[in-house]
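Written out below as structure tokens is the structure these notes cover.
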Amino acid sequence: MALIAIEEHWSSPELTAAVRALPADRGDPSLVLDEMGDNLALLDDLADARLRFMDAQGVDLQVLSLAPPGTHPLDPAQAVPLARRANDLAVEAVRRHPRRFRALATLPMADPAAAAAELERAAGLGMVGAMVYGRSGAVPLDDPRNEDVFATAASLGLPVFIHPQVPPLAVREVSYSGFDPLTDLAMATFGWGWHLEAALAALRVVVRGTFDRHPDLQLVLGHWGELLPFWLDRADSLARAAGLERRVSDYVRTNVHLTSSGMLNPALLRHVLEVTTPDRLIFSTDYPFQRPDADAIATFLTHLATDADREAFTEGNARRLFRIEGDLG
Numbered sequence: 001m002a003l004i005a006i007e008e009h010w011s012s013p014e015l016t017a018a019v020r021a022l023p024a025d026r027g028d029p030s031l032v033l034d035e036m037g038d039n040l041a042l043l044d045d046l047a048d049a050r051l052r053f054m055d056a057q058g059v060d061l062q063v064l065s066l067a068p069p070g071t072h073p074l075d076p077a078q079a080v081p082l083a084r085r086a087n088d089l090a091v092e093a094v095r096r097h098p099r100r101f102r103a104l105a106t107l108p109m110a111d112p113a114a115a116a117a118e119l120e121r122a123a124g125l126g127m128v129g130a131m132v133y134g135r136s137g138a139v140p141l142d143d144p145r146n147e148d149v150f151a152t153a154a155s156l157g158l159p160v161f162i163h164p165q166v167p168p169l170a171v172r173e174v175s176y177s178g179f180d181p182l183t184d185l186a187m188a189t190f191g192w193g194w195h196l197e198a199a200l201a202a203l204r205v206v207v208r209g210t211f212d213r214h215p216d217l218q219l220v221l222g223h224w225g226e227l228l229p230f231w232l233d234r235a236d237s238l239a240r241a242a243g244l245e246r247r248v249s250d251y252v253r254t255n256v257h258l259t260s261s262g263m264l265n266p267a268l269l270r271h272v273l274e275v276t277t278p279d280r281l282i283f284s285t286d287y288p289f290q291r292p293d294a295d296a297i298a299t300f301l302t303h304l305a306t307d308a309d310r311e312a313f314t315e316g317n318a319r320r321l322f323r324i325e326g327d328l329g
């Protein structure tokens, strides 16, 4: 049984510098989290240090994804070439270590036509999906101008991972401020705000009727579904108001995969299995921000009910969704 981990982050210094240079109302303060401890050194490494860490965890293959915020705060003139260069770097890492890495594409969502074209190019390079965020600037992911991106992903059979994103500045000021600066940031990011933003983005994609138009489209959410699975009873009430063909929970069961993101809590596993099925769950560690060791991973896997469920969670579901073939490790 191989162990495949998705949502395993890396960084592009050039792209990070471009985001850091933005004014405060457009930038992303969560960049500071990339620099805590040895995070940045690990993010920047796509070779020996990363492979050693994978070996220690027992991870055979990582699906690489660019650390947040991607190109999403940037205007098209910067986003398009920086996304292209980031994808070329990720593809080169895969080519150097084809048994250890695959990669998700970074898309320049500030220019939807360019994003769809870059997704097609990325597919031709062997990338296995894309990672996006809930907003590009002020434009939500579900905005009709992004329709071609979803259509392209569906036609290519490439899943779209919606990653958490820092809330807009106005929301941070109203809802996540008033403590000390570090607590404000933690509240707006990993402690709460990130996950509400991702859940809302996914919910908006559903309510927009995206899956009615593109029934083959597959989304991926980290952190056991970014709180969305825990509120489906209420979210289902949106279906009639929005004129959807099915309930929100039905789309979650057929068009959304959930990853563990290093949160190896059996209670979370039990809950998501109440609202979805084992073939929708995929292992991830959220490297390097979460770092479960091999013993913690092995212990968690004992909470899956059967050998078939364990194989699906650790390997089978990822292979099927991302079309990963061949021997690993």
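If you count by our numbering, then the sequence shown holds residues 1 to 329, one letter each, in order.
Just so it is clear, CB atoms sit at the ideal spot from N, CA and C, and this is done for glycine as well.
From a predicted model like this one, the values you see are computed outputs, not experimental measurements.
1. Quick one: what does DSSP say Y287 is sitting in, helix, strand or coil?
2. In the DSSP assignment, what are the bridge partners of A305?
3. For I324, which three-state DSSP category applies?
4. Would you list the one or two residues that DSSP bridges to Q62?
5. Taking the beta strand (DSSP E) that H163 belongs to, which residues open and close that run?
6. Counting Cβ pairs, one atom from each stretch, are 3 or more of them under 8 Å apart for the stretch 27–45 and the stretch 182–196?
7. Per DSSP, which residues does T259 bridge with? Please list them.
8. Just to confirm, are R99 and L269 a CB contact at a threshold of 7 Å?
9. When burial is assigned at 16 or more other CB atoms within 10 Å of the CB, is P266 buried or exposed?
10. Tell me whether S237 is buried or exposed, calling it buried when 16 or more other Cβ atoms sit within 10 Å of its Cβ.
11. Among N87, R95, E315 and A56, which has the Cα closest to the Cα of E14?
12. With DSSP as the reference, please indicate the residues paired to V330 in a beta bridge.
13. Report the three-state DSSP secondary structure of L15 (helix, strand or coil).
14. Excluding the five sequence neighbours on either side, which residues of its own chain have a C-beta within less than 8 Å of the C-beta of F289, listed in chain order?
15. From V19 to S136, what distance separates their C-alpha atoms?
16. In three-state terms, what does DSSP make of P81?
17. Can you give me the Cβ contacts of D212 inside the same chain, cut-off strictly under 6 Å, excluding the 5 residues immediately before and after it?
18. On the DSSP letters alone, give me the boundaries of the beta strand (DSSP E) that L219 sits inside.
19. Could you check what DSSP says for T106 in three-state terms: helix, strand or coil?
20. Out of T106, D307, T254 and G124, which one is the CA nearest neighbour of V80?
21. Could you tell me the boundaries of the alpha helix (DSSP H) in which H195 lies?
22. Taking DSSP as the reference, what is the three-state secondary structure of P181?
23. Going by other Cβ atoms of all chains shown within 10 Å of its Cβ, with 16 needed for buried, is G225 buried or exposed?
24. Okay, do the stretch 197–204 and the stretch 165–180 touch, 3+ Cβ pairs below 8 Å being the bar?
25. CA-CA distance, A115 and P164?
26. DSSP puts V10 in a beta bridge; with which residues?
27. Going along the chain, which residues of its own chain have a beta-carbon closer than 7 Å to the beta-carbon of L46, five neighbours each way excluded?
28. Using DSSP with H/G/I as helix, E/B as strand and the rest coil, what is P140?
29. Quick one: is T299 buried, meaning 16 or more other Cβ sit within 10 Å of its Cβ, or exposed?
30. Please go through the same chain and pick out, in chain order, the residues whose beta-carbon is closer than 8 Å to the beta-carbon of L219, but skip the five residues on each side of it.
Short version:
1. To locate residue 287, count along the sequence shown from 1; it is residue 287. DSSP places Y287 in coil when its eight states are reduced to three.
2. If you number the sequence shown from 1, residue 305 lands on position 305. Note: A305 sits in no beta bridge, so no partner.
3. Looking up residue 324 in the sequence shown gives position 324. Assignment of I324 by DSSP, reduced to helix, strand and coil, places it in the coil class.
4. Along the sequence shown, read from residue 1 onward, the residue named residue 62 stands at position 62. In the DSSP output, where bridge partners are listed per residue, Q62 has A5 and F101.
5. Numbered from 1 along the sequence shown, position 163 holds the residue referred to as residue 163. Unbroken beta strand (DSSP E) run through H163: V160 to H163.
6. Inter-segment contact for the stretch 27–45 and the stretch 182–196 is present: three or more beta-carbon pairs are separated by less than 8 Å.
7. Counting from 1 along the sequence shown, the entry for residue 259 is found at position 259. T259 is bridged by DSSP to I282.
8. The residue you call residue 99 lines up with position 99 of the sequence shown. The residue you call residue 269 lines up with position 269 of the sequence shown. Their beta carbons are not under 7 Å apart, which means R99 does not touch L269 by this criterion.
9. For the purposes of this step, residue 266 is identified with residue 266 of the sequence shown, where counting begins at 1. The residue in question, P266, is exposed, as its Cβ has fewer than 16 Cβ neighbours within 10 Å.
10. The residue given as residue 237 occupies position 237 in the sequence shown. If you draw a 10 Å sphere on the C-beta of S237, you find fewer than 16 other C-beta atoms in it, and that means exposed.
11. Taking the sequence shown and counting its residues from 1, the one referred to as residue 14 is at position 14. The residue with the shortest Cα to Cα distance from E14 is N87.
12. There is simply no residue 330 to check, as the chain begins at 1 and stops at 329 in what is shown.
13. Translated into the one-based positions of the sequence shown, residue 15 becomes position 15. In this structure, L15 counts as helix in the three-state DSSP scheme.
14. Taking the first residue of the sequence shown as position 1, residue 289 is located at position 289. For F289, the CB contacts under 8 Å within the same chain, skipping 5 residues up- and downstream, are H9, L33, N39, F190 and G262 in chain order.
15. Position 19 of the sequence shown holds residue 19. Position 136 of the sequence shown holds residue 136. Straight through space, the alpha carbons of S136 and V19 are spaced by roughly 13 Å.
16. Taking the sequence shown and counting its residues from 1, the one referred to as residue 81 is at position 81. Helix, per DSSP.
17. Locating residue 212 in the sequence shown gives position 212, counting from the first residue. Here D212 has E245 as same chain residues with Cβ atoms under 6 Å from its own Cβ, once five neighbours each way along the sequence are excluded.
18. As a first step, residue 219 must be located in the sequence shown, where it is residue number 219. L219 to L221 is the extent of the beta strand (DSSP E) around L219.
19. Here residue 106 is taken as the residue at index 106 of the sequence shown, counted from 1. Note: T106 maps to strand in three-state DSSP.
20. Here the question's residue 80 lines up with position 80 in the sequence shown. Nearest neighbour of V80 by Cα position, chosen from T106, D307, T254 and G124, turns out to be T106.
21. Here residue 195 refers to the residue found at position 195 when the sequence shown is read from its first residue. Note, H195: alpha helix (DSSP H), G193 to V207.
22. Looking up residue 181 in the sequence shown gives position 181. Residue state, collapsed to three classes: helix.
23. One-based indexing of the sequence shown puts residue 225 at position 225. Classification for G225: buried.
24. Yes, since at least three Cβ pairs between the stretch 197–204 and the stretch 165–180 fall closer than 8 Å, the two stretches touch.
25. The count along the sequence shown starts at 1 and reaches residue 115 at position 115. The count along the sequence shown starts at 1 and reaches residue 164 at position 164. Rounded to the nearest angstrom, the gap between the Cα atoms of A115 and P164 is 19 Å.
26. Stepping through the sequence shown from its first residue, residue 10 is reached at position 10. In the sequence on display, residue 10 carries Trp and not Val. Note: W10 sits in a beta bridge opposite L66.
27. Start at 1 with the first residue of the sequence shown, and residue 46 comes out as number 46. Counting only Cβ-Cβ distances below 7 Å, and skipping sequence neighbours, we find W10 and A93.
28. Translated into the one-based positions of the sequence shown, residue 140 becomes position 140. Strand at P140.
29. Within the sequence shown, residue 299 is the residue found at index 299, counting from 1. The residue is exposed, with fewer than 16 neighbouring Cβ atoms inside 10 Å.
30. Translated into positions along the sequence shown, residue 219 becomes position 219. Here L219 has P159, V160, F161, I162, A202, V205, N255, V256 and H257 as same chain residues with Cβ atoms under 8 Å from its own Cβ, once five neighbours each way along the sequence are excluded.
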